[in-house]
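Using numbering that gives the first Met the number 0, read the sequence shown as starting at 0 and increasing by one per residue. All residues carry an ideal CB built from backbone N, CA and C; glycine is no exception.
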Amino acid sequence: MKSDIEIAQQAVMKPIIHIAERLGLSEDDLELYGKYKAKITASTLNKLKKNKSGKLILVTAINPTPAGEGKSTVTVGLGDALNKLQRKTVIAMREPSLGPTMGIKGGAAGGGKAQVLPMEDINLHFTGDLHAITTANNALAALVDNHIHQGNECRIDQRRIVWKRAVDLNDRALRKVVIGLGGPLQGVPREDGFDITVASEIMAVLCLAADIKDLKVRLARMVVAYNVDREPVTVGDLKVEGALTLLLKDAIKPNLVQTIEHSPAIIHGGPFANIAHGCNSVIATAAAAKLGDYVVTEAGFGADLGAEKFLNIKARNKEIDPEIVVIVATIRALKMHGGVAKKELGVENIEALRAGFANLQKHVDSIKEFGLPFVVAINKFVTDTELEISVLKELCEQAQIPVALTEVWEKGGNGGIELAQKVLAILEKKEQRFQHLYSLNTTIEEKVHAIATKIYGANRVEYSSKAKKQIADFEKYGWGHLPICMAKTQYSLSDDPSLIGRPEGFSITIREFKPSIGAGFLVALTGEVMTMPGLPKTPAALNMDVDEDGKAVGLF
């Protein structure tokens with residue numbers, strides 16, 4: 000069996016100009032990054048605003064497991080299938096981070112015959128967007144420390160600096176560091192730390208900004224520290240929002256690439272869904288909607304994280320209201336949620352499948368909370384038995400859950416035709432009644448309670464003394480109206496990764512809040528979620544290499 004990278008490298012790409020022409024774009028609408036990648040110009044994005052928006056299809060999943068769900072693969076395969084059915088469709092996805100690519104998760108360009116290309120570039124440096132975000136993040140960190148060193152006009156309390164440095168790698172040794180050692184000329188000594196780039200607020204800001212003007216406004220609002228009176232100090236107070244915007248002037252433009260079957264795909268931005276809001280940029284999704292009759296986009300991890308945040312945070316922009324949700328599930332993962340160990344997943348186990356179905360059922364119930372129609376996509380693996388597939392379909396039908404078997408990894412768009420037809424049939428009924436889970440006028444506690452009880456299934460929410468004080472402070476600062484971005488483990492509906500399946504009778508504990516005022520939300524941190532992951536014992540990087548012709552080896 001060929002690996003994903005072998006399949007990708009054997010695919011024949013078309014010049015990106017030809018892909019653009021299918022969307023009604025010309026070479027003048029693009030900034031070319033070689034033959035197969037391009038950015039869409041700002042002037043073109045502005046012209047597209049007058050176009051009618053296509054129907055948006057949001058792809059999410061059950062809680063992920065080490066068995067893998069293939070959400071990105073289904074996203075690409077569904078887009079290809081819709082194009083095979085003569086529906087003008089554009090795919091909108093996130094950019095991969097080097098952290099998980101070289102860590103344990105691997106790349107995020109789809110898989111098998113349902114991939115976006117050039118796969119190696121997308122999974123590595125691509126067009127440099129993440130590097131630009133890293134640079135802007137660290138430029139701001141340097142400017143904060145220089146401000147203190149040069150007299151501290153804003154009276155920043157160096158014990159209350161909240162802005163960290165960033166790097167797009169998993170590096171646990173950088174979680175907590177001390178800087179400024181070596182005497183007066185080296186700056187002011189203080190504790191500091193690093194986040195992974197995709198956890199930087201600048202990533203979230205870039206992904207939620209409507210245009211470069213909005214980007215500058217949002218950057219200016221970002222809180223970097225508190226002064227000696229415990230009042231917030233912002234980028235605007237430091238007067239450096241212009242410099243940061245300059246560093247991001249190209250990164251804000253969305254990237255156009257293609258799938259193996261030459262469907263157009265716009266890939267842009269990539270905040271983590273267990274730390275940030277887990278969706279690609281508003282600019283990219285809106286552009287895809289203006290260029291196609293249908294848009295297939297994804298949100299990170301399960302519906303309890305990425306989809307909830309897409310619907311409560313990103314979809315506050317009315318241009319990208321979703322019409323339908325696709326929930327990806329695998330028999331392997333459902334068996335794990337039913338108690339089966341990873342090494343035993345290849346063995347047929349109907350009892351475990353039935354038990355694990357509860358996890359899928361909860362995600363279905365969660366999407367119902369938003370009033371959206373949905374369909375479950377069973378992403379088929381070679382180890383799935385006919386009986387297991389039959390039982391899962393039967394469980395869905397008994398629960399009145401629309402379901403379709405997908406084989407896009409093996410067959411590309413042809414393997415997603417059944418799913419595409421189900422999606423189109425549901426869309427034609429026009430039953431979309433999208434509503435947010437909570438009003439922005441409710442309190443911080445009420446928003447958190449709504450997410451915890453209605454989406455996670457918790458029976459209560461508990462707050463640390465620090466979180467309680469932060470709520471009072473945030474209300475005083477005028478931040479109480481902002482939506483909530485939950486930082487939670489992706490492996491469980493709860494904040495305990497060991498509670499798989501559909502746990503009941505649990506509480507969610509908010510240990511602290513982090514203000515992301517530029518992005519426009521408050522991050523509620525639960526459990527042991529960290530903003531700088533570590534590498535596993537055997538990182539994927541150990542399998543990576545490059546041959547004498549410069550061809551990548553070992554990416555997946």
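Can you give me the C-alpha to C-alpha distance between aspartate 494 and histidine 362, rounded to a whole angstrom? Taking the first residue of the sequence shown as 1, we reach residue 494 at position 495. Taking the first residue of the sequence shown as 1, we reach residue 362 at position 363. Distance between the alpha carbons of aspartate 494 and histidine 362: 16 angstroms.
Determine the DSSP secondary structure at leucine 418, reduced to helix, strand or coil. For the purposes of this step, residue 418 is taken as residue 419 along the sequence shown, with counting starting at 1. Helix, per DSSP.
Rounded straight-line distance, which links the Cα of alanine 449 to that of leucine 583: Limits of the chain in this structure are 0 at one end and 555 at the other, which puts residue 583 out of reach.
Quickly, what does DSSP pair threonine 43 with across the bridge? List them, please. Translated into the one-based positions of the sequence shown, residue 43 becomes position 44. In DSSP, threonine 43 forms no bridge with anything.
Below 8 angstroms on the Cβ atoms is my contact criterion, and I expect serine 199 with isoleucine 259 to pass it. Report the Cβ-Cβ distance as a whole number of Å. Here residue 199 refers to the residue found at position 200 when the sequence shown is read from its first residue. Here residue 259 refers to the residue found at position 260 when the sequence shown is read from its first residue. Going by Cβ atoms, the distance from serine 199 to isoleucine 259 rounds to 32 angstroms, so no, they are not a contact pair.
Close beta carbons around glycine 414, own chain, < 7 angstroms, minus the five adjacent residues each side: Counting from one through the sequence shown, the residue named residue 414 turns up at place 415. So the qualifying residues of the chain are Gly76, Thr405, Glu406 and Val407.
Looking at asparagine 82: is its Cβ nearer than 7 angstroms to the Cβ of threonine 88? By one-based count along the sequence shown, residue 82 stands at place 83. By one-based count along the sequence shown, residue 88 stands at place 89. Contact flag set, yes.
So which of Lys36, Leu22 and Ala80 has the shortest CA-CA distance to leucine 418? Here residue 418 refers to the residue found at position 419 when the sequence shown is read from its first residue. The shortest C-alpha separation from leucine 418 is found at Ala80.
Just to confirm before moving on: does the CB-CB distance between glycine 277 and asparagine 62 stay below 7 angstroms? Position 278 of the sequence shown holds residue 277. Position 63 of the sequence shown holds residue 62. Cβ distance not < 7 angstroms, so glycine 277 and asparagine 62 don't count as in contact.
If you draw a straight line from the C-alpha of glutamate 94 to the C-alpha of isoleucine 377, how long is it? The count along the sequence shown starts at 1 and reaches residue 94 at position 95. The count along the sequence shown starts at 1 and reaches residue 377 at position 378. So the two alpha carbons sit approximately 24 angstroms from each other.
Helix, strand or coil: how does DSSP classify phenylalanine 356 here? Looking up residue 356 in the sequence shown gives position 357. Correct three-state label for phenylalanine 356: helix.
Going by DSSP, name the residue or residues bridged to alanine 523. For the purposes of this step, residue 523 is identified with residue 524 of the sequence shown, where counting begins at 1. Beta-bridge pairing links alanine 523 to Met485 and Phe512.
Is the region 230–242 close to the region 273–288, with three or more CB pairs under 8 angstroms? no
Check the C-beta distance from isoleucine 147 over to valine 187 and give it rounded, since I have them as a contact under 8 angstroms. To locate residue 147, count along the sequence shown from 1; it is residue 148. To locate residue 187, count along the sequence shown from 1; it is residue 188. Right, the Cβ-Cβ distance comes to about 5 angstroms (below 8 angstroms), so this counts as a contact.
Buried or exposed: where does methionine 0 fall if 16 or more other Cβ atoms within 10 Å of its Cβ makes it buried? For this step, residue 0 is matched to residue 1 along the sequence shown. Under this definition methionine 0 is an exposed residue.
Spatially closest choice to glutamine 397 from Leu180, His480 and Gln360, by CA coordinates: If you number the sequence shown from 1, residue 397 lands on position 398. Ranking Leu180, His480 and Gln360 by Cα distance to glutamine 397 puts Gln360 first.
Where does threonine 233 sit, in a helix, a strand or coil, going by DSSP? Locating residue 233 in the sequence shown gives position 234, where the first residue counts as 1. In the structure shown, threonine 233 sits in a strand (DSSP, three-state: E or B).
Thinking just about the alpha-carbon of each residue, which of Gly553, Pro532 and Gly477 is nearest to the one in alanine 165? Here residue 165 refers to the residue found at position 166 when the sequence shown is read from its first residue. Residue Pro532 is the option with its Cα nearest to alanine 165.
Given a cut-off of 7 angstroms on the beta-carbon distance, is the pair threonine 64 and methionine 335 in contact? The residue labelled residue 64 in the question sits at position 65 within the sequence shown. The residue labelled residue 335 in the question sits at position 336 within the sequence shown. Going by C-beta atoms, threonine 64 is nearer than 7 angstroms to methionine 335.
Rounded separation between valine 197 and valine 528 - CA only: Position 198 of the sequence shown, counting from 1, holds the residue named residue 197. Position 529 of the sequence shown, counting from 1, holds the residue named residue 528. C-alpha separation (whole angstroms): 14 angstroms.
Measure how close the beta-carbons of valine 447 and alanine 403 come, nearest whole angstrom, since I'm counting them as under 8 angstroms. Sequence index remark: in the sequence shown, residue 447 carries index 448 (1-based). Sequence index remark: in the sequence shown, residue 403 carries index 404 (1-based). About 35 angstroms separates the two Cβ atoms, so there is no contact after all.
Under DSSP, the beta strand (DSSP E) around glutamate 190 begins and ends at which residues? In the sequence shown, counting from the first residue as 1, residue 190 sits at position 191. 189–191 is the extent of the beta strand (DSSP E) around glutamate 190.
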